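S.K.: Here you go, one structure.
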């Protein structure tokens, strides 16, 4: 095995396989051929990168390579990291998000989601235990010099395609940044209009990513404003709910509790005003009568009234 050359060839083979899968899925969805991918040629580099990283990392861990569970877990983590970082880097550079899983369950910032991660894990098992042995065995049948020539030619074509695609995306970035629209749908229409009279390379990009989400400063500012307004409304709703709950609790306070509190305060007031030494006979009789009534009330506090009595 000529390790560097074979790794390059594996990158292109898996990148081509990923492109074929993307084309088939989009054909099922839109019933027409769509040349998917960042590049113009029939390759999706993200698939090639993921497969090569799985091959290199797991291939160098001899004790892990035979374990299906560990292969699954490492493949899931490696490919998930590749997809997340690719989405993040492309958005930072070109102010656009090429895929968005925000509506999918168990997603991370809309860049990756559990469904794809499980597929990545299964694909890693297939790559390590089925595909790589067969592909590397087939590559060994090709003379080393011929393999090196093929790898060099593919890298040269790939580099040229990358440069062209990069400048196409730079035009997209210019169109996005110069847009005065404040939502991604309007920006998308402007970008498609910008590419209408351009060459095939520009039209291909617009066709390959019809659902691209543009994230300009205007759009981000609008999203931030919407988020802030939603938070303000939530806080106001919580305050209204707490106030209403307080009023309801007050209206449900039992009458005997109010009466007991009132009597307690009356006792405190009498204690402050009543002086045994200076009180008149009438005041003393009134005080004694109040004490008698309080004892009667206390003795009846927990006696239930007969049914029908009020």
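In my numbering, the protein residues as written are 165 to 474. We put the beta carbon where it would ideally sit given N, CA and C, even for glycine. Treat the numbers as computed from the prediction; the structure is a model and nothing was measured.
Determine, using beta-carbon pairs with one atom in the segment 216 to 223 and one in the segment 166 to 183, whether at least three such pairs fall under 8 Å.
M.R.: yes
S.K.: Let's test the definition: count the other Cβ atoms within 10 Å of the Cβ of residue 285 and tell me whether it reaches 16, buried, or not, exposed.
M.R.: buried
S.K.: Residue 351 by DSSP, collapsed to three states: which one?
M.R.: Any reading at residue 351 needs caution, since the residue's pLDDT is 43, under 50, leaving its predicted position unreliable; the model's value is listed next. It is helical.
S.K.: Do the segment 197 to 211 and the segment 313 to 332 make contact, defined as three or more Cβ pairs closer than 8 Å?
M.R.: yes
S.K.: By the three-class DSSP mapping on this structure, what secondary structure does residue 318 have?
M.R.: helix
S.K.: Check whether the Cβ atoms of residue 318 and residue 197 lie closer than 9 Å to each other.
M.R.: no
S.K.: Please state the DSSP three-state secondary structure of residue 261.
M.R.: DSSP, reduced to helix, strand and coil, places residue 261 within a strand of the structure shown.
S.K.: Is the segment 233 to 252 touching the segment 272 to 288 in the sense that three or more CB pairs, one from each, lie closer than 8 Å?
M.R.: They touch, by the three-pair rule.
S.K.: Quick one: is residue 404 buried, meaning 16 or more other Cβ sit within 10 Å of its Cβ, or exposed?
M.R.: Its Cβ having fewer than 16 others within 10 Å, residue 404 is exposed.
S.K.: For residue 238, which option in 249, 225, 248 and 250 has the closest C-alpha, if you only look at C-alpha atoms?
M.R.: 225
S.K.: Quick check on the DSSP output: what are the complete beta strand (DSSP E) runs of length 3 or more inside the segment 185 to 224, in order along the chain?
M.R.: none
S.K.: Quick one: residues in its chain with C-beta nearer than 7 Å to the C-beta of residue 180, no 5 flanking neighbours on either side, listed in chain order?
M.R.: Here the set comprises 206 and 207.
S.K.: Secondary structure at residue 306, three-state DSSP: helix, strand or coil?
M.R.: Here residue 306 sits in coil by DSSP.
S.K.: By alpha-carbon positions, which one of 455, 210 and 187 ends up nearest to residue 249?
M.R.: 210
S.K.: For residue 166, name the three-state secondary structure that DSSP assigns.
M.R.: Here residue 166 sits in coil by DSSP.
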